[in-house]
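J.:
In our numbering, the protein residues as written are 5 to 572.
Written out as structure tokens, the structure reads:
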């Protein structure tokens, strides 16, 4: 919805109607020969000490930085940043080119006054042909302020994102980037390369760049008509035949999972087609069996436009996080149920993982791993004690002993241990449960043989698990928030490789003793728990994952709302 008022569409309005009052004819003629002075005079009225507080509108576009622009121009002594006496608009043209490029980042250039800026620049260029004095002062002031606002608004959203993650995701605790946007703009103006200055604010991580390539690739496919629909029906497997096999073949060619060469009409499900189905399944986090069953058909039925929204959502997520993840770090992709050890741009280790359930979600946060714990005890969190352990004890009074779980009077450090048989569990209420449960080290311990500790307020960590069968499943959200590892020994050996006291043999010997032991890391390592539902791998294949926590849906809604607000 556009702002309506008494003034025409080319006017620039403040909440209080501001006018530029001309002086004597001689003074007016002198001022009109100096566009920068004209613009400065209007800037003083709009953003200086005498300006009326409130939102500012130029060309019906609301200035999003109504609070920031007075500070920006005040720091410049109210000197225009873009308008010079010769009306050279090279800096403005450089900015417009950069604004158009942000479409590659999943942002809409129209959100940054693009239409109004193009109209104003065309007007200035036309009237400049008659002489600089022919360009209205109000037009110059409009152009000046919209250019500044466009840079600062777009720059802000490239650095911090369009949406504040904390407003849509209660489990978000990641430190973001910081940039002095005013300093970046001033540098761009000084070096006469404002476009490069705006580009410099984009995330530099290779995953972000690859996602941009995925967006470009997907958008080109949409522009070329998309891909053929796959016909739903009974499952298909190697050896099957018929028209649906031909449709499947064409679909997998369009998706890039099957080589474009070969017959388009072959209706036999051969081994080549089976391998293509497996490639598709790997890219979508499905069970890789080469059979087109219910889940595979459901993934094939997802519209390409929805996949592009996933890519844009994940580009936004990358704008939320710090650009310095560390030279060496552990990246946990919650939505992919995976753990990756990264050094530089190389992945050294990749492990399957189990993450939190939909009602005990693993949060997004960063930490620093400081030590390992061999043969750990498990202090069962109060919530799990109330919701999981107590109901089992009520059904089976021997459960605690069977699982090696000790009971303590309370959670104080010196609380005495209590014989569980002395407690009438049928009379214990979950809400008032004060006992502390601790599971002894051993083969039944839920943490397994190794625990990887990065101190945090959520009491989340990486650990081994006796429930190895869960790693055979494609979707692995079964934990109470912590991350269970498929091959913890592999990660532990790597983290201790710089410590001459430890190698795999010594680590296994320590485990065999059954004694709890803390092993400090000689070189602590950053750990980042993040939620990615789309990315492109090093071979140019785009991967997608199910939105297990509904975070994509919340982000889509917030991004749509933000775009609608920008269009008002």
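Built from N, CA and C at the ideal position, the CB exists for glycine as well. Here the structure is a predicted model, which is why all the values come from computation and not from measurement.
1. Residue range of the alpha helix (DSSP H) that residue 41 falls in?
2. Are three or more beta carbon pairs between the region 127 to 135 and the region 71 to 85 nearer than 8 Å?
3. Can you check which of these residues, 430, 549, 426 and 423, is closest to residue 479 by C-alpha distance?
4. Is it buried or exposed, residue 415, if we count other Cβ atoms within 10 angstroms and call 16 or more buried?
5. Take residue 109 as the anchor and find which of 312, 271 and 169 has the nearest alpha-carbon.
6. At what residues does the beta strand (DSSP E) containing residue 332 begin and finish?
7. Put residue 258 into one of helix, strand or coil per three-state DSSP.
8. With C-beta atoms as the reference, is residue 166 less than 8 Å away from residue 534?
9. What does the alpha-carbon distance come out to for the pair residue 193 and residue 180?
10. What's the call for residue 370, buried or exposed, on a 16-neighbour Cβ count within 10 Å?
11. Take residue 33 and list the residues in its own chain whose beta-carbon comes closer than 7 Å to its own, dropping the five residues that flank it on each side.
12. In its own chain, which residues sit with a C-beta less than 7 Å from the C-beta of residue 556, not counting the 5 before and 5 after it?
13. Considering only DSSP beta bridges, list what residue 360 is partnered with.
14. List the whole-angstrom C-beta distance separating residue 99 from residue 155, where the pair is believed to meet the contact cut-off of C-beta under 8 Å.
15. Going residue by residue through the region 105 to 132, where are the continuous alpha helix (DSSP H) segments of at least 4 residues, counting only ones entirely within it?
16. Identify, in the order they occur along the chain, each residue of the same chain with its Cβ nearer than 8 Å to the Cβ of residue 558, setting aside the five sequence neighbours on each side.
17. Would DSSP call residue 227 helix, strand or coil?
18. For the putative contact between residue 545 and residue 287, defined by C-beta atoms under 8 Å, what is the C-beta separation to the nearest angstrom?
19. Using the Cβ count rule (16 or more neighbours within 10 Å means buried), how would you classify residue 227?
20. Are the beta-carbon atoms belonging to residue 308 and residue 231 less than 8 Å from one another?
21. Can you grab the Cα-Cα spacing for the pair residue 516 / residue 467, in whole Å?
22. Let's see if you can read the secondary structure: which residues bound the alpha helix (DSSP H) around residue 160?
23. Roughly how many angstroms lie between the CA atoms of residue 24 and residue 198, to the nearest whole one?
24. Quick check: the Cα distance between residue 522 and residue 553, rounded to an integer number of angstroms?
25. With a CB to CB cut of under 6 Å and the five nearest residues on each side skipped, what residues in its chain are close to residue 303?
26. In or out: residue 453 buried (at least 16 other Cβ within 10 Å) or exposed?
27. Give a yes or no on whether the C-beta atoms belonging to residue 432 and residue 489 are separated by under 8 Å.
28. Does residue 397 pass the burial test, meaning 16 or more other C-beta atoms within 10 Å, or should it be called exposed?
29. Rounded to the nearest angstrom, what separates residue 426 and residue 484 at their Cα positions?
30. Would DSSP call residue 556 helix, strand or coil?
31. Using the C-alpha atoms, what's the distance from residue 285 back to residue 298?
32. Threshold first: 4 residues or longer. Then list the alpha helix (DSSP H) segments lying entirely within the region 484 to 531, N to C.
33. Tell me which residue opens and which closes the alpha helix (DSSP H) that residue 312 is part of.
34. Am I right that residue 85 and residue 125 are in contact with their C-beta atoms under 8 Å? What's the rounded C-beta distance?
35. Is the region 358 to 366 touching the region 496 to 505 in the sense that three or more CB pairs, one from each, lie closer than 8 Å?
36. Please give the ranges of any alpha helix (DSSP H) in the region 431 to 464, keeping only runs that are unbroken, at least 4 residues long and fully inside the region.
T.: In short, the structure shows the following:
1. As a working mapping, residue 41 is identified with position 37 in the chain shown. Run containing residue 41: 39 to 51, per the alpha helix (DSSP H) assignment.
2. Too few Cβ pairs lie closer than 8 Å, so no.
3. What you label residue 479 is simply residue 475 of the chain shown in a count that begins at 1. Comparing alpha carbon positions, the residue from 430, 549, 426 and 423 closest to residue 479 is 549.
4. For this step, residue 415 is matched to residue 411 along the chain shown. Classification for residue 415: exposed.
5. Counting from 1 along the chain shown, the entry for residue 109 is found at position 105. Distance from the Cα of residue 109 is smallest, within the candidate group 312, 271 and 169, for 312.
6. Within the chain shown, residue 332 is the residue found at index 328, counting from 1. Following the DSSP letters along the chain, one finds residue 332 inside the beta strand (DSSP E) bounded by residues 332 to 337.
7. As a working note, residue 258 is residue 254 in the chain shown. Residue state for residue 258 is assigned as helix, using DSSP reduced to three classes.
8. Residue mapping note: residue 166 aligns to position 162 of the chain shown, counting from 1. Residue mapping note: residue 534 aligns to position 530 of the chain shown, counting from 1. Taking the C-beta atoms as reference points, residue 534 is found no nearer than 8 Å to residue 166.
9. As a working note, residue 193 is residue 189 in the chain shown. As a working note, residue 180 is residue 176 in the chain shown. Rounded to the nearest angstrom, the two C-alpha atoms are 26 Å apart.
10. Numbered from its first residue, the chain shown carries residue 370 at position 366. Counting of Cβ neighbours within 10 angstroms places residue 370 among the buried residues, the total reaching 16 or more.
11. The residue you call residue 33 lines up with position 29 of the chain shown. Note that residue 33 scores a pLDDT of 44, beneath 50, so its modelled location is shaky; the value from the coordinates is reported in the next line. Only residues of its own chain outside the window of five on either side were considered, and among them none has a CB closer than 7 Å to the CB of residue 33.
12. In the chain shown, the residue the question calls residue 556 occupies position 552. So the list reads 314, 317 and 537, once near-sequence residues are dropped.
13. Taking the first residue of the chain shown as 1, we reach residue 360 at position 356. 483.
14. Numbered from 1 along the chain shown, position 95 holds the residue referred to as residue 99. Numbered from 1 along the chain shown, position 151 holds the residue referred to as residue 155. Correct: roughly 6 Å between the Cβ atoms.
15. The qualifying runs are 118 to 132.
16. Residue numbering aside, residue 558 sits at position 554 when the chain shown is read from its first letter. Here the set comprises 172 and 173.
17. By 1-based counting over the chain shown, the position of residue 227 is 223. Correct three-state label for residue 227: helix.
18. Indexing the chain shown from 1 puts residue 545 at position 541. Indexing the chain shown from 1 puts residue 287 at position 283. Contact holds; Cβ gap of about 6 Å.
19. Your numbering for residue 227 matches position 223 in the chain shown. By the Cβ neighbour-count rule, residue 227 is exposed, with fewer than 16 other Cβ atoms within 10 Å of its own.
20. Indexing the chain shown from 1 puts residue 308 at position 304. Indexing the chain shown from 1 puts residue 231 at position 227. Yes, the pair counts as a contact, with Cβ atoms nearer than the cut-off.
21. Numbered from 1 along the chain shown, position 512 holds the residue referred to as residue 516. Numbered from 1 along the chain shown, position 463 holds the residue referred to as residue 467. Separation of residue 516 and residue 467 (C-alpha to C-alpha, rounded to the nearest whole angstrom) is 17 Å.
22. Position 156 of the chain shown, counting from 1, holds the residue named residue 160. DSSP places residue 160 in the uninterrupted alpha helix (DSSP H) bounded by 141 to 164.
23. Position 20 of the chain shown, counting from 1, holds the residue named residue 24. Position 194 of the chain shown, counting from 1, holds the residue named residue 198. Note that residue 24 scores a pLDDT of 31, beneath 50, so its modelled location is shaky; the value from the coordinates is reported in the next line. About 29 Å.
24. The residue given as residue 522 occupies position 518 in the chain shown. The residue given as residue 553 occupies position 549 in the chain shown. It is roughly 34 Å from the alpha-carbon of residue 522 to the alpha-carbon of residue 553.
25. The count along the chain shown starts at 1 and reaches residue 303 at position 299. Hits under 6 Å: 288.
26. Indexing the chain shown from 1 puts residue 453 at position 449. By the neighbour-count rule (16 or more Cβ atoms within 10 Å), residue 453 is buried.
27. Reading the chain shown from its first residue, position 428 is the one you call residue 432. Reading the chain shown from its first residue, position 485 is the one you call residue 489. By the CB criterion at 8 Å, residue 432 and residue 489 fall outside the cutoff.
28. Taking the chain shown and counting its residues from 1, the one referred to as residue 397 is at position 393. Buried: at least 16 other Cβ atoms inside 10 Å.
29. To locate residue 426, count along the chain shown from 1; it is residue 422. To locate residue 484, count along the chain shown from 1; it is residue 480. A straight-line Cα-Cα distance of about 29 Å links residue 426 and residue 484.
30. Within the chain shown, the letter at position 552 stands for residue 556. In the structure shown, residue 556 adopts helical secondary structure according to DSSP, grouped into three states.
31. Taking the chain shown and counting its residues from 1, one reaches residue 298 at position 294. Taking the chain shown and counting its residues from 1, one reaches residue 285 at position 281. In a straight line, the C-alpha of residue 298 is about 12 Å away from that of residue 285.
32. If we require 4 residues or more, the alpha helix (DSSP H) runs fully inside the region 484 to 531 come out as 492 to 499 and 508 to 517.
33. Along the chain shown, read from residue 1 onward, the residue named residue 312 stands at position 308. Looking at the DSSP string, the run of the alpha helix (DSSP H) that includes residue 312 is 308 to 324.
34. The residue labelled residue 85 in the question sits at position 81 within the chain shown. The residue labelled residue 125 in the question sits at position 121 within the chain shown. In this structure residue 85 does not touch residue 125 by the C-beta definition: roughly 15 Å separates them, more than the 8 Å allowed.
35. No, the region 496 to 505 is not in contact with the region 358 to 366.
36. Positions of the alpha helix (DSSP H) runs, each at least 4 residues long and wholly inside the region 431 to 464, cannot be given because no such run exists.
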